[in-house]
Amino acid sequence: MTTRSAQHAQPVAIIGGGPAGLMAAEVVSAAGYPVDLYDAMPSVGRKFLLAGVGGMNITHSEAAAPFLSRYREAAPWVGDWLDAFDAEALRSWIHGLGIDTFVGSSGRVFPTDMKAAPLLRAWLKRLREQGVHIHTRHRWLGWDEDGALRFNTPNGELLKTSTATLLALGGGSWARLGSDGSWAPLLESRGVEIRSLRASNCGFISQWSPFLSERFAGQPLKQIIASTRSLSGENISRRGEAILTHDGLEGSLIYALSAPLREQLEARGEANLTLDLAPDHTQDQLQQALSQPRKGQSLSNLLRKKAGLEGVKVALLHECLSKDVIADATKLAAGIKALPITLTGTRPLDEAISSAGGVCRSALDDNLMLNALPGTFCAGEMLDWEAPTGGYLLTACFASGRHAAHGMIDWLKDKR
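In this note's numbering, the protein residues as written are 1353 to 1768.
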């Protein structure tokens, strides 16, 4: 059954209950406009809550210039959003909800209790006090022939009209939490340019031997440096930890390089990664240590004593270097400092922490309104930008929601 709502004052419709949508709802309702917020899931903020399971990394304390550089080619666009709502403004906003924050040793910013749920509860309380009406289990289906919003609900299809609409539907990862990318064909059918959704902050596939896969899958690679080259030739290196999986590598260090690695895969069919397994030793130091007489020591013992390598790191050396290289101290030292790894694919999009691609910059005006659909705005991860983990993703989602909300308010004022 299809019904049409009948309200005297049509509200603004915000579709998507993640950080971008909730922030937009707060800003628009605070400006005095009635707001209906819709979400397909039984409750809002599900991916936000999942992101906080291991510790709610809300933003980063990095200085403005390097912070903005994390958004790569989208930095000028994202910078427009951050001009009005940067990391410090986000922290102040959180404090206004009664939640304290602290800066961790890595520079990442966390709520003091490390949890997302108290922050979300305080935020939803504020939204309800501002009069925001939240409608869960409302899956957006697009528009009818008269331009009304179509929703699939437990009571059948529902049509809603609105004075303006903001879409904050997420990217294409974690479909079970609501971000399934099903909005893309709906917008493309209306003439909106969409860049295909691809995995970002994701694991990568490598063709390990059965021995390495069976014996060492799940083992951490601690204190290493991972390096790759962008398609333009820039060397990109990060220090941290990764995890060897049954068919490749994942973990925060690999996620930080996911964009240039994915671009190599798209251009060449494979990506090249090098690992420095002993970043606190120089190549000369390693060469001298490995050139000394073993005096009956096994290579494994020598690597453990002289280079601090054991377990999965030693297994990786045998996996990626030939016997001739391992037998030569000079070549082995070079291999330890730059172990070559060939990657042949990404893990599936639905497993990725986030996605790249989405609504193209050219499809939107400066206020994040769709050129093809006046009165319809977009925000959050459904836009064509990406960032590494570490608080950068969430910060830009919040800021884009706020930016689009102010654009919507200006547009509504102009319509009067």
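From the three backbone atoms N, C-alpha and C, an ideal C-beta is built for every residue, glycine too.
If you ignore the 5 residues before and after serine 1421, its C-beta comes within less than 8 Å of the C-beta of Ala1427, all in its own chain and listed in chain order. Between the stretch 1709–1726 and the stretch 1537–1557 there are three or more C-beta pairs closer than 8 Å, enough to call the two in contact. The alpha-carbon separation between glycine 1743 and serine 1610 amounts to approximately 16 Å. In this structure, DSSP gives glutamine 1482 a state outside helix and strand, which the three-state scheme calls coil. With contact defined as three or more Cβ pairs closer than 8 Å, the stretch 1378–1394 and the stretch 1480–1490 are in contact. In terms of Cβ geometry, leucine 1629 and isoleucine 1576 form a close pair [threshold 8 Å]. Less than 8 Å separates the beta-carbon of alanine 1757 from that of valine 1380.
By the Cβ criterion, the stretch 1698–1706 is in contact with the stretch 1550–1566, since at least three pairs of Cβ atoms, one from each stretch, lie closer than 8 Å.
For glycine 1727, the closest of Glu1378, Ala1416, Lys1477 and Thr1513 by C-alpha to C-alpha distance is Thr1513.
Looking at the backbone, the Cα of alanine 1415 and that of alanine 1679 are separated by about 46 Å.
Of the residues assessed, glutamine 1639 falls on the buried side of the cut-off, its CB having 16 or more other CB atoms within 10 angstroms. Between aspartate 1498 and the set His1487, Leu1511, Ser1643 and Pro1394, the nearest pair of CA atoms involves Leu1511. In terms of Cβ geometry, isoleucine 1688 and alanine 1667 do not form a close pair [threshold 8 Å].
Per DSSP, leucine 1725 lies in no beta strand (DSSP E) segment and is marked neither H nor E.
Here arginine 1550 has Arg1614, Leu1701, Ser1707, Ala1708 and Gly1709 as same chain residues with Cβ atoms under 7 Å from its own Cβ, once five neighbours each way along the sequence are excluded. By the neighbour-count criterion, in which a residue is buried when 16 or more other Cβ atoms sit within 10 angstroms of its Cβ, phenylalanine 1568 is buried. Going by C-alpha positions, alanine 1377 is about 25 Å away from threonine 1741. In this structure, DSSP gives tyrosine 1390 an extended state, which the three-state scheme calls strand. For glycine 1431, the enclosing alpha helix (DSSP H) starts and ends at 1427–1434.
With a threshold of 16 other beta carbon atoms within 10 Å, lysine 1767 falls short and is exposed.
With contacts defined by Cβ atoms closer than 8 Å, leucine 1573 and arginine 1590 do not form a contacting pair. At a cut-off of 3 residues, the continuous stretches assigned as beta strand (DSSP E) that sit fully inside the stretch 1591–1621 are 1600–1602. Ranked by Cα distance from isoleucine 1588, the options Ala1751, Gln1362, Thr1626 and Thr1505 are led by Thr1626.
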